[in-house]
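Residue numbers (our numbering): 289 to 392.
#1: Given a cut-off of 8 Å, decide if residue 357 and residue 363 are closer than it, judged by their beta-carbon atoms.
#2: For residue 350, tell me which candidate among 329, 368, 319 has the shortest Cα-Cα distance.
#3: Please confirm whether residue 332 and residue 298 have their CB atoms less than 8 Å apart.
#4: First and last residue of the alpha helix (DSSP H) that includes residue 323?
#5: Which residues in the same chain have their Cβ closer than 6 Å to the Cβ of residue 336, if we skip the five residues on either side of it in sequence?
Set out below in structure tokens:
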């Protein structure tokens, strides 16, 4: 691997109130970092761990990431996305929609 020294490792901004934006930016920046530095697929887990900090480590431990999972970047990205990006609650949206009145 040839490491490009002037490209900083992007850090996940856990304190950003917009978790979706924080995740998407981190994913884009870290993906670029991985490409620029020719990081091997098996090493992506280590870079994700370093750039996500203590909370990322806690997430990996809570999800009980296996050795096979560590070699699967798509699964790792999904873990963070599931945690960071809120899913719409269709039941609440339906109740809110029923409560709306049309104004003509």
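For each residue, glycine too, the CB sits at the ideal point set by N, CA and C.
Well, looking at it:
#1: Yes, the Cβ-Cβ distance between residue 363 and residue 357 is below 8 Å.
#2: Looking at the Cα atoms, 368 is the closest of the given residues.
#3: No, they are not a contact pair.
#4: Start and end: 307 to 324.
#5: Scanning its chain for C-beta atoms nearer than 6 Å, with the 5 sequence neighbours on each side dropped, one finds around residue 336 the residues 364, in chain order.
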